[in-house]
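So for the sequence shown, the numbering used here puts the first residue at 4; every next one is plus one. For glycine and all other residues, C-beta sits at the position ideal for the given N, C-alpha and C. These figures come from a predicted structure and were not determined experimentally. Heads up, the thing below is written out as structure tokens.
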Amino acid sequence: MSRPNHATTDDSANRNAPTNSDRPIHESYAFGVRIREGTSADGDPIYRFEAPTHEGIAFDDPDTAELYADVYFDVNGFQEAGTGDRGVPPTIIQAGRDTLVGYLLTQPDTGRHWVASYYGEKPEKIDRYVARVRKRARLIRERAAERGVAETEG
């Protein structure tokens with residue numbers, strides 16, 4: 004599962020570590036949004052979500068990082084700063100149940116069965132919620148590409 008704010012080896016104490024811009028890109032999206040591959044302080048692979056107006060967040064697996072990016076596009080961006088360790092950004096809450104489900108699945112120690120239990124739904128319904136978020140995010144990115152909004156590297 005994910006580990007938000009996971010320490011990376013690009014820590015200022017490690018002068019020999021590559022900078023974020025030197026890390027390979029796992030996925031690149033429109034509007035300067037990307038997921039970079041990296042390594043944790045323990046040597047484990049991490050996937051760091053980055054966006055121009057977002058503080059960035061790292062995950063243990065690429066699927067969770069990609070879902071986080073889908074949620075980000077679904078709500079036209081959001082900031083987690085100031086929400087606390089367990090808070091949810093207001094933009095996510097206002098977006099509806101499917102978006103909140105997608106966001107919750109990117110949080111530590113929160114899995115498909117936990118979210119299903121929380122909502123009193125079957126796991127298959129949680130999968131459908133996530134599929135809707137992913138579809139909307141994909142359509143947003145496709146429309147951006149049709150309008151000439153290029154992927155940008157940072």
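Reduced DSSP secondary structure (H/G/I, E/B, other) of residue i
i, result
"R131", "helix"
"R144", "helix"
"A61", "strand"
"A68", "helix"
"A54", "strand"
"P111", "coil"
C-alpha gap between residue i and residue j, whole angstroms
i, j, result
"A72", "V133", "12 Å"
"V36", "Y122", "30 Å"
"R137", "R131", "10 Å"
"H29", "P65", "8 Å"
"E124", "R139", "22 Å"
"R150", "D45", "42 Å"
"A148", "D101", "25 Å"
"I1", "T113", "In the structure displayed, the chain extends from 4 to 157; residue 1 sits before or after that span and is not available."
Cβ distance (whole Å) where residue i is taken to contact residue j below 8 Å
i, j, result
"G105", "L70", "6 Å"
"A68", "I38", "5 Å"
"V74", "T109", "7 Å"
"T56", "G90", "Not really, about 18 Å apart at Cβ, beyond 8 Å."
Proximal residues to residue i (C-beta, below 7 Å), its chain only, five neighbours per side dropped
i, result
"G59", "R51, F52 and E53"
"P126", "R115, H116 and A119"
Neighbourhood of residue i by C-beta distance below 6 Å, restricted to the same chain and skipping five residues each side
i, result
"D88", "none"
Cβ shell of residue i (< 8 Å), same chain only, five flanking positions each side left out
i, result
"D47", "D63"
"R144", "Y32, A33 and F76"
"A98", "D77 and V78"
"R26", "D13, R39, E40, G41 and R51"
For residue i: DSSP bridge partner residues
i, result
"E30", "I38"
"I49", "G41"
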